[in-house]
């Protein structure tokens with residue numbers, strides 16, 4: 016493994032680790048979501064009427080493992096593999 | 002003989018009154034409540050689990066009307082319905098799948114309806130509040146099955162406070178019940194995810210006697 020290959024490997028590991036950390040920080044959801052259901056604050060009248068909090072959809076991107084984190088990691092792996100072999104070939108040519 | 006008949010009649014009336022369970026509010030007699038809310042504050046929702054995530058679906062287009070004698074909730078009659086097209090799950094693709102032929106087939110069966118048949122197990126928890134088991138016909142995807150819902154009803158006579166929401170007396174209804182998807186000829190896959198057979202349905206609505 017030459018220095019360029021090492022560099023590719025480190026960058027790939029860093030990018031995938033960052034994606035996984037971001038995914039875990041977003042709640043570790045399996046599927047990505049465009050929003051979440053949240054309970055609306057109830058009025059005194061709603062409480063008197065014996066109601067439960069109304070659900071309201073709030074737009075908010077939540078990074079999930081599928082598809083975003085997995086696709087991003089997959090692309091990083093594919094690009095790194097290609098670069099890894101390109102740099103390996105170049106090294107072979109240099110030595111010959 | 003007349004005395005016996007009179008006594009029997011009085012006893013019959015007394016027994017009927019004692020068995021009647023309802024609200025002890027200012028309003029009396031038969032009242033009708035309309036649940037259509039132009040501001041979309043009435044809500045019906047469902048909850049289901051899949052191996053990948055939990056799915057919540059919501060409709061704010063609840064329609065319906067009930068009629069009952071204020072002093073006897075067992076006289077409750079009426080129905081509640083929602084348009085299938087109004088259900089939102091938070092993911093557009095999934096909403097489209099829900100309305101498709103494989104699922105609820107919104108084009109052929111545009112509404113989901115609950116029609117009240119019987120009220121039982123009435124438990125009065127306050128003068129204006131009671132809990133009951135309401136049995137009715139639940140129709141979805143063109144199939145009708147009998148279901149029982151646990152219902153909490155709250156009656157509010159018209160006041161300055163109730164006018165904030167609507168004019169007339171108000172009836173708050175909170176109900177939950179479960180259905181089994183296969184009973185309604187609905188396949189339990191949505192956007193490639195296997196959905197639980199049991200779906201929990203929750204209704205959170207307020208009706209007005211003035212509409």
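Residue numbers (the numbering used here), protein chains in the order written: chain A, 16 to 111; chain B, 2 to 212.
No residue lacks a Cβ here, since even glycine has one placed at the ideal position from N, Cα and C.
Quick caveat, the model's predicted, so the values are computed rather than measured.
Handout entry: Below-8 Å beta-carbon distance, residue 130 of chain B vs any chain A residue
Key = yes
_Could you check whether residue 124 of chain B and residue 214 of chain B sit closer than 8 Å to each other, using their CB atoms as the reference points?_
No statement about residue 214 of chain B is possible, as the shown extent of chain B runs from 2 to 212 and does not include it.
Practice task
With DSSP as the reference, label residue 127 of chain B as helix, strand or coil.
Solution key: strand
request  = Tell me, to the nearest whole angstrom, how far the beta carbon of residue 160 of chain B is from that of residue 209 of chain B; I am working on the premise that it is less than 8 Å.
outcome  = Contact doesn't hold; Cβ gap of about 13 Å is too wide.
Would you say residue 95 of chain B faces chain A, with C-beta separation under 8 Å as the test?
-> Not one chain A Cβ lies under 8 Å of residue 95 of chain B.
Using the Cα positions of residue 31 of chain A and residue 76 of chain A, report the straight-line distance between them to the nearest angstrom. 20 Å
Measuring alpha carbon to alpha carbon, tell me which residue in B:102, B:66 and B:138 is nearest residue 188 of chain B. Measuring from the Cα of residue 188 of chain B, the nearest candidate turns out to be B:102.
Q) Does the Cβ-Cβ distance between residue 79 of chain B and residue 113 of chain B come in under 8 Å? A) No; because the gap between Cβ atoms is not below 8 Å, this pair is not in contact.
- Task: Report the residue ranges of all alpha helix (DSSP H) runs contained in full by the segment 63 to 124 of chain B; include only those spanning at least 4 residues, in chain order.
- Result: 93 to 100
In chain order, what residues of the segment 79 to 92 of chain B put their CB closer than 8 Å to some CB of chain A?
-> Cβ contacts with chain A come from 89, 91 and 92.
query: What number of angstroms, rounded off, separates the C-alpha of residue 68 of chain B from the C-alpha of residue 172 of chain B?
result: When rounded, the separation of the alpha-carbon atoms in residue 68 of chain B and residue 172 of chain B is 11 Å.
With a cut-off of 8 Å on the beta carbons, I'd call residue 7 of chain B and residue 158 of chain B a contact; round off their distance for me.
With a Cβ gap of about 36 Å, residue 7 of chain B and residue 158 of chain B do not count as contacting.
Query - Nearest residue (CA-CA) to residue 137 of chain B, options B:105, B:108 and B:75 - result: B:75
Over what stretch of residues does the alpha helix (DSSP H) that includes residue 40 of chain A continue unbroken? Unbroken alpha helix (DSSP H) run through residue 40 of chain A: 18 to 40.
- Message: So if I threshold CB-CB distances at 7 Å, which residues from the segment 58 to 77 of chain A count as touching chain B?
- Response: 60, 63, 64, 65, 66, 67, 69, 70 and 72
| query | Of all Cβ atoms in chain B, is any one closer than 8 Å to the Cβ of residue 54 of chain A? | reply | Chain B contact via Cβ: absent.
Contact criterion: CB-CB distance below 8 Å. Does residue 18 of chain B meet it with respect to chain A? Low per-residue confidence applies at residue 18 of chain B: pLDDT is 48, beneath 50, and the placement is therefore not dependable enough to give any value.
Kindly give me the distance between the Cβ atoms of residue 71 of chain A and residue 55 of chain A, rounded to whole angstroms, as I take these residues to be in contact under 8 Å.
5 Å
Q. Going along the chain, which residues of the segment 38 to 53 of chain A sit with their C-beta nearer than 8 Å to a C-beta in chain B?
A. 44, 45, 46, 48, 49, 50, 51 and 52
Residue from B:30, B:131, B:99 and B:61 with nearest C-alpha to residue 40 of chain B: Ranking B:30, B:131, B:99 and B:61 by Cα distance to residue 40 of chain B puts B:61 first.
For this session: For the segment 44 to 57 of chain B, enumerate the residues whose C-beta is nearer than 8 Å to any C-beta of chain A, in chain order.
Result: 44, 46, 53, 54 and 57
**Request:** Over the uninterrupted alpha helix (DSSP H) stretch that includes residue 62 of chain A, give me the two end residues.
**Result:** 59 to 63
Bridge-paired residues (DSSP) for residue 70 of chain A | Paired residues: A:54.
request  = Counting only the same chain and skipping the five closest in sequence on each side, list residues whose C-beta sits under 7 Å from that of residue 181 of chain B.
outcome  = 198 and 199
Quiz item: From the beta carbon of residue 22 of chain B, is the nearest beta carbon of chain C less than 8 Å away?
Solution: Protein chains in the displayed structure are A and B, and chain C is not among them.
Q. Buried or exposed: residue 34 of chain A, going by 16 or more other Cβ atoms within 10 Å of its Cβ?
A. buried
* Asked: Under 7 Å Cβ-Cβ, which residues of chain A neighbour residue 171 of chain B?
  -> Against residue 171 of chain B, the close residues of chain A are 64, in the order they occur along the chain (beta-carbon pairs closer than 7 Å).
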